[in-house]
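Trainee: Structure below; questions to follow.
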DNA sequence: CTTGACTA
DNA sequence: TAGTCAAGG
């Protein structure tokens, strides 16, 4: 698994090549478009000057599951307040700003009723993980503790508020989505307010995002937990136009393919149908209603409603986003005074950004000054 | 995840 | 300079 990352070989890769060896449809793990689409590795620098709409929940959740101590516990200050999300957001955003990338965070709004089942499933998985985590801790199996700890992450309201506070202090705008955050992020790319949407999930593509950036981060190599091997995890881009071109599908058909594979709104998908069969069936039959072999199952799925979720999503009304300056005092007060971050580290990191921004404005003055 | 100190 | 690894809070 995961040998399909770039670093050696061709710049453009087809995940499809390694699909047969790596992929099994065991349980729902998010919309699985990966085997059907081409991703292009990109450098962070290629996004310089661009606005990127970032799925906030997706990103914060990622931080909560990866930024942990040696026994799998979250990072916390002396008062027991979780700081993993703030650490991740702070350093990640500084790196983006150093690259002159303009992040806009998009926060999820109200959840669609059809998603409740999937959320419930994830909640149960977390409860199981908590049990396994405690078990592993008691028995001193630290590698297991770390593994299960990652799966216990819960994003709380206060984490959301704190994240917004930090973003504001950094001069980074955020958008409150009326419904699905992915839908709102996709919308921003359609209106031109954003160049791309950034998320680990492929949903943005079904929501019609022009571009999806995955693995939006600075680091290149990442250690495989437990083993002494490394994999390349570099940012990669999926272009909506390319997806349609290469699959030969319309956007509406792509949504149908997604529904066959399984989305958050029908997580079990259709039995016996994986990405490859799904695309074949839609190409041959045009649309869900015409696929004879799924007639029975289709009657049980609110497919028209799911289509509408993707094709006619509820999106934010005003899509103007305003970028601000870094408010050094506020960042230092919030992170260091309130959350007990090291003042030296935070100040040093802010200095690094300031240097980068100053040198950029100086190089501009050479041309225009 | 990201940094920063340390080693080869 | 690149690679490794512990620590961050």
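Residue numbers (the UniProt record's numbering): 1 to 369. Glycine included, C-beta positions come from ideal geometry on N, C-alpha and C.
#1: Could you pull out every residue in the same chain whose Cβ sits closer than 6 Å to the Cβ of residue 170, ignoring the five residues on either side in sequence?
#2: Assuming residue 198 and residue 313 form a contact by the criterion Cβ under 8 Å, report the distance between their Cβ atoms to the nearest whole angstrom.
#3: Are at least three pairs of beta-carbons, each pair with one atom in the segment 206-222 and one in the segment 270-279, less than 8 Å apart?
#4: So residue 92 is in the alpha helix (DSSP H); what residue range does that whole segment cover?
#5: Residue 107 and residue 63: beta carbons closer than 8 Å?
#6: Note down, in chain order, each residue of its chain lying with its Cβ closer than 7 Å to the Cβ of residue 78, except the 5 sequence neighbours on either side.
#7: For the alpha helix (DSSP H) that contains residue 142, what are its first and last residues?
#8: With DSSP run on the structure shown, which of helix, strand or coil describes residue 102?
#9: Quick one: Cα of residue 43 to Cα of residue 96, how far?
#10: Within the continuous beta strand (DSSP E) that includes residue 174, where are the two ends?
#11: Please state whether the Cβ-Cβ distance between residue 265 and residue 205 is less than 8 Å.
#12: Measure the Cβ-Cβ separation of residue 172 and residue 91 and say whether it is below 8 Å.
#13: Check the C-beta distance from residue 211 over to residue 239 and give it rounded, since I have them as a contact under 8 Å.
#14: Using a Cβ-Cβ cut-off of 7 Å (strictly less than) and excluding sequence neighbours within five positions of residue 133, which residues of its own chain qualify?
#15: Determine the contact status of residue 315 and residue 187, defining contact as a CB-CB distance below 8 Å.
#16: Mind checking which residues open and close the beta strand (DSSP E) that includes residue 55?
#17: Looking at the structure shown, is residue 355 part of a helix, part of a strand, or coil, going by DSSP?
#18: May I ask which residues mark the beginning and end of the beta strand (DSSP E) holding residue 70?
#19: Would the beta-carbon of residue 312 be found less than 7 Å away from any heavy atom of the ligand COA?
#20: Taking the DSSP output, what are the residues bridged to residue 196?
#21: Determine whether the beta carbon atoms of residue 154 and residue 126 lie at a separation below 8 Å.
#22: In chain order, what residues of the same chain lie with their CB nearer than 8 Å to the CB of residue 320, ignoring the 5 residues before and after it?
#23: Starting from residue 212, trace the beta strand (DSSP E) both ways and give me its first and last residue.
#24: To the nearest angstrom, report how far apart residue 143 and residue 200 are at their CA atoms.
#25: For the beta strand (DSSP E) containing residue 313, list its first residue and its last residue.
#26: What number of angstroms, rounded off, separates the C-alpha of residue 141 from the C-alpha of residue 233?
#27: If the criterion is Cβ atoms closer than 8 Å, does the pair residue 236 and residue 35 meet it?
#28: State the Cα-Cα distance for the pair residue 337 and residue 343, rounded to the nearest angstrom.
#29: Does the contact criterion of 3 or more C-beta pairs under 8 Å hold for the segment 285-300 versus the segment 251-266?
#30: What does a CB cutoff of less than 6 Å around residue 282 pick up in its chain, not counting 5 residues either side in sequence?
Mentor: Let me spell this out:
#1: If we look at residue 170 and ignore the five residues flanking it on each side, its Cβ neighbours are 93 and 326.
#2: The Cβ separation is near 18 Å, so there is no contact.
#3: No, because fewer than three Cβ pairs between the segment 206-222 and the segment 270-279 fall closer than 8 Å, the two stretches do not touch.
#4: Bounds of the alpha helix (DSSP H) holding residue 92 are 84-98.
#5: The answer is no: Cβ separation not under 8 Å.
#6: Excluding sequence neighbours, residue 78 sits near 340.
#7: Residue 142: member of the alpha helix (DSSP H) spanning 142-150, first to last residue.
#8: The three-state reading of DSSP puts residue 102 in strand, counting E and B together.
#9: Straight-line spacing of the CA atoms in residue 43 and residue 96 works out to 12 Å.
#10: Residue 174 -> beta strand (DSSP E) spans 174-176.
#11: The answer is no: Cβ separation not under 8 Å.
#12: Cβ atoms of residue 172 and residue 91: not closer than 8 Å.
#13: Going by Cβ atoms, the distance from residue 211 to residue 239 rounds to 5 Å, so yes, they are a contact pair.
#14: Once the five neighbours on either side are set aside, the close Cβ partners of residue 133 are 72, 145, 148, 149 and 152.
#15: In contact: residue 315 and residue 187 (Cβ atoms closer than 8 Å).
#16: It spans 51-55 - the beta strand (DSSP E) in which residue 55 sits, taken as one unbroken run.
#17: For residue 355, the three-state secondary structure derived from DSSP is helix.
#18: It is not in any beta strand (DSSP E) - residue 70 carries neither H nor E in the DSSP assignment.
#19: Within the structure as shown, the ligand COA is missing, as the structure has no ligands at all.
#20: Residue pairing by DSSP places residue 196 opposite 52 in a beta bridge.
#21: Yes, Cβ-Cβ distance for residue 154 and residue 126 is below 8 Å.
#22: Within the same chain, residue 320 has close Cβ partners 193.
#23: Boundaries of the beta strand (DSSP E) around residue 212: 211-214.
#24: C-alpha of residue 143 to C-alpha of residue 200: approximately 25 Å in a straight line.
#25: Looking at the DSSP string, residue 313 is not in any beta strand (DSSP E), and its letter there is neither H nor E.
#26: If I take the Cα positions, the gap works out to 27 Å.
#27: The answer is no: Cβ separation not under 8 Å.
#28: Rounded to the nearest whole angstrom, the CA to CA distance from residue 337 to residue 343 is 8 Å.
#29: Yes, the segment 285-300 touches the segment 251-266.
#30: For residue 282, where only same-chain residues beyond five positions count, the Cβ hits under 6 Å are 253, 256 and 257.
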